[in-house]
Amino acid sequence: MRFPLALTTKIASHIIKHKVLRTPKFAMVLQLEPLHTCNLTCTGCGRIREYSTSLKDMVPLDQCLAAAVECEAPMVSICGGEPLIYPHIEALVDGLREQGRIIYICTNGMFMRKKMREYMAANWTAAMERYLGQLVTEDLVSEKEAQQIRNADGAAREKATIRPSRWMYWNVHVDGLEYTHDLIVEREGVFKECIAAIRMAKILGFQVATNTTVYKETDVKELEEMFKYLSWLNVDGHTISPGYDYDAAKKDMVKRLGKDPKAFFLTREMTRDKFKDIERWGKAFTIFGTPVYQEFLAGKRELTCTAWAIPTYNVRGWKAPCYLMTDGHYPSYGEMLSKVNWEKYGVVDGVARDPRCENCMVHCGYDPSGALGTNYQRGDNWKNMKYNFGARPKRYTHGNEVKAFTGVSIGKGHLAEAKAAVNQELGGRKSAYARGGNALATEHMTHETHAEMPSTGGGCGTGNSDRDTSQREELLEKISSTRRL
Ligand code: SF4
Ligand code: SF4
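Residues in the sequence shown are numbered consecutively from 0, following numbering that gives the first Met the number 0.
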């Protein structure tokens with residue numbers, strides 16, 4: 000099966016229960032952001048910018064657990080920021096498990112191996128030696144770390160840890176192969192660390208998923224290579240979602256100066272072009288979601304946004320109307336459902352009810368629409384069932400031939416090269432980097448200023464999109480022009 004039976008059954012029964020009760024709006028997945036602090040400063044991350052004034056704030060553990068109880072979503076995606084920085088992450092995972100929920104820990108992967116070493120130390124028995132031996136042989140754990148695991152003291156053995164469970168997935172943020180991913184996260188070595196963490200997690204019996212945002216500049220051939228590689232690593236599934244930009248100033252330029260919107264936006268048309276192969280990928284790889292959403296992405300049908308089904312809860316409360324846009328925060332899910340005028344959002348029959356929704360086709364707005372039967376067409380239920388209850392796609396056995404390490408991390412300075420390149424004069428005009436004296440990097444490191452930076456839809460840390468996206472575009476332009484595949 001594409002998704003373990005118990006988990007598929009849990010989600011299906013949740014939908015059936017609410018259909019029988021005729022609940023007009025209900026939650027399917029809770030996006031829980033216990034904090035917005037992050038160890039990375041990715042290009043285009045909306046979260047660390049939108050919430051730049053509350054990066055030190057955290058949602059108390061009991062409030063996190065209460066939010067899950069309140070919205071009753073069967074699945075909770077713990078995101079942020081970087082959730083492994085949250086000091087109560089282990090207790091949060093345990094608490095959500097006690098509530099019977101399916102848990103995704105959406106992480107940039109940088110602290111995963113540390114958390115898994117802690118798990119091994121706390122649960123060390125001689126029977127684990129063969130796994131530890133393999134981890135050392137494959138350079139995923141050093142000999143020194145292995146000794147620390149074997150000789151764990153009382154404190155390490157008593158520590159609460161994150162354990163493998165069929166109810167829990169590590170959900171690792173991967174936006175491409177090494178060169179692209181490291182550019183987007185603006186740090187060399189991150190892709191390499193993510194892959195090491197994924198390999199270690201699979202050896203220890205964890206379930207691992209990945210989460211990818213597709214940008215205007217994303218090369219879809221590279222994505223396919225990435226899926227082959229991840230399949231070969233035995234990754235259990237993938238979420239993929241289009242990012243998109245909305246910028247009021249640019250929109251105004253389009254209107255006043257008659258510029259082509261395609262120069263700025265990942266329009267619906269462009270998204271459909273990027274996702275034209277999504278159904279084929281869905282057959283070849285374990286792509287999560289519904290085939291109905293895939294048809295929508297491929298341009299074969301329309302769906303109506305159901306952002307209320309994937310609500311976001313964070314330090315300011317329930318964020319409305321969706322993960323991407325913020326028009327307000329509410330103290331309870333019920334109040335958000337009743338006070339937000341949901342008819343104001345989304346695109347219906349090709350007409351955007353809100354200009355910010357015009358080009359949005361993101362997973363958190365439309366994947367639940369496919370599962371909930373919005374815009375139902377005959378055969379949809381069968382299609383969804385066949386997809387999720389059907390056989391899981393086979394592992395791609397030639398993944399070792401994929402040139403995944405396309406950037407040569409650490410030491411070669413490919414990130415510095417790309418930044419230097421975008422700092423140069425671009426076609427007679429100065430780049431945003433040059434204009435800002437490369438302020439971007441400094442600003443990222445401090446997190447203190449409220450940057451005039453962008454955002455894109457979908458994936459870890461993306462959000463409010465009403466920002467200048469020129470710096471990100473220039474960096475990503477560079478990815479396209481110097482792609483080494
Ligand atoms: S996108 Fe995710 S990993 Fe990157 S800075 Fe934002 S929260 Fe952190
Ligand atoms: S931005 Fe997208 S997810 Fe949010 S309300 Fe608009 S259409 Fe829905």
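Ideal Cβ positions, reconstructed from N, Cα and C, are used throughout, including at glycine.
query: heavy atom of ligand 1 below 7 Å from Arg46 C-beta; result: yes
query: 6 Å Cβ shell around Tyr386 - same chain, five flanking residues per side excluded; result: Pro290
query: Nearest-angstrom Cα separation, counted from Asn107 out to Tyr50; result: 18 Å
query: Limits of the alpha helix (DSSP H) - the one that Trp381 falls within; result: 379-388
query: Tyr539, enclosing beta strand (DSSP E) - first and last residue; result: An answer regarding residue 539 cannot be provided, because it is not within the stretch 0 to 484 covered by the chain.
query: Minimum C-alpha distance to Ser240 - residue among Ile277, Val234, Leu134; result: Ile277
query: Which of helix, strand or coil DSSP assigns to Asp93; result: helix
query: Which residues DSSP lists as bridging Lys318, in chain order; result: Thr311, His328
query: Spatially closest choice to Thr563 from Arg48, Arg116, Val28, Ala26, by CA coordinates; result: What is shown of the chain runs 0 to 484, which leaves residue 563 out entirely.
query: For Gly236, the first and last residue of its enclosing alpha helix (DSSP H); result: From DSSP, Gly236 is part of no alpha helix (DSSP H) but of the beta strand (DSSP E) over 236-241.
query: Own chain residues within Cβ distance below 7 Å of Lys318, not counting five before or after; result: Thr311, Thr325, His328
query: Cβ neighbours of Gly349 in the same chain (closer than 8 Å, five flanking residues each side left out); result: Glu301
query: Ile409, buried or exposed, once every other Cβ within 10 Å from all chains shown has been counted against 16; result: With a pLDDT of 47 at Ile409, under the threshold of 50, the modelled position of this residue cannot be trusted; read the value that follows with caution. Label assigned to Ile409: exposed.
query: Closer than 7 Å: Cys41 CB and nearest ligand 1 heavy atom; result: yes
query: Spatial neighbours of Ala490 in its chain, beta-carbon cut-off 6 Å, leaving aside the 5 residues before and after; result: Outside the shown range of the chain, which is 0 to 484, sits residue 490, and nothing can be said about it.
query: Cβ-based neighbour list, Ala26, same chain, cut-off 8 Å, excluding 5 preceding and 5 following; result: Cys70, Glu71, Ala72, Trp307, Ala308, Ile309, Pro310, Tyr332
query: Beta-ladder partner(s) of Met57, from DSSP; result: Leu34
query: Ligand 2 heavy atom lying under 7 Å from the CB of Met324; result: yes
query: Simplified DSSP state of Lys16, which is helix, strand or coil; result: helix
query: The segment 174-181 in contact with the segment 99-113 per 3-pair CB rule at 8 Å; result: no
query: At least 3 beta-carbon pairs within less than 8 Å: the segment 160-170 vs the segment 204-219; result: yes
query: Asn107 Cβ short of 7 Å to ligand 1 heavy atom set; result: yes
query: Contact check, Ser169 vs Ala200, beta carbons under 8 Å; result: Residue identity differs from the one stated: residue 169 is Trp in this sequence, not Ser. Closer than 8 Å, so yes.
query: Proximity test, Arg96 beta-carbon vs ligand 2 heavy atom, cut-off 7 Å; result: no
query: Any non-hydrogen atom of ligand 1 within 7 Å of Gly80 CB; result: yes
query: Length of the line joining the Cα atoms of Trp123 and Gly378; result: 50 Å
query: Heavy atom of ligand 1 within 7 Å of Cys356 beta-carbon; result: no
query: Asp353 Cβ short of 7 Å to ligand 2 heavy atom set; result: yes
query: Alpha-carbon spacing of Gly426 relative to Cys321, whole angstroms; result: Confidence at Gly426 is low in this model, with a pLDDT of 43, below 50, so the placement of that residue should be treated as unreliable; the coordinate-derived value is given next. Going by the C-alpha atoms only, they are around 38 Å apart.
query: Beta carbon of Tyr292 nearer than 8 Å to that of Tyr365; result: yes
query: Segment limits, alpha helix (DSSP H) that includes Tyr365; result: 362-371
query: C-alpha distance - Phe110 paired with Val135, whole-angstrom precision; result: 18 Å
query: Span separating the alpha-carbon of Phe284 from that of Phe226; result: 7 Å
query: Collapsed DSSP secondary structure at His397 in the structure displayed; result: coil
query: Candidates His397, Asn313, Thr305, Pro33, of which the one nearest Pro367 by Cα; result: Thr305
query: Beta-carbon proximity of Phe287 to Gly369, cut-off 8 Å; result: no
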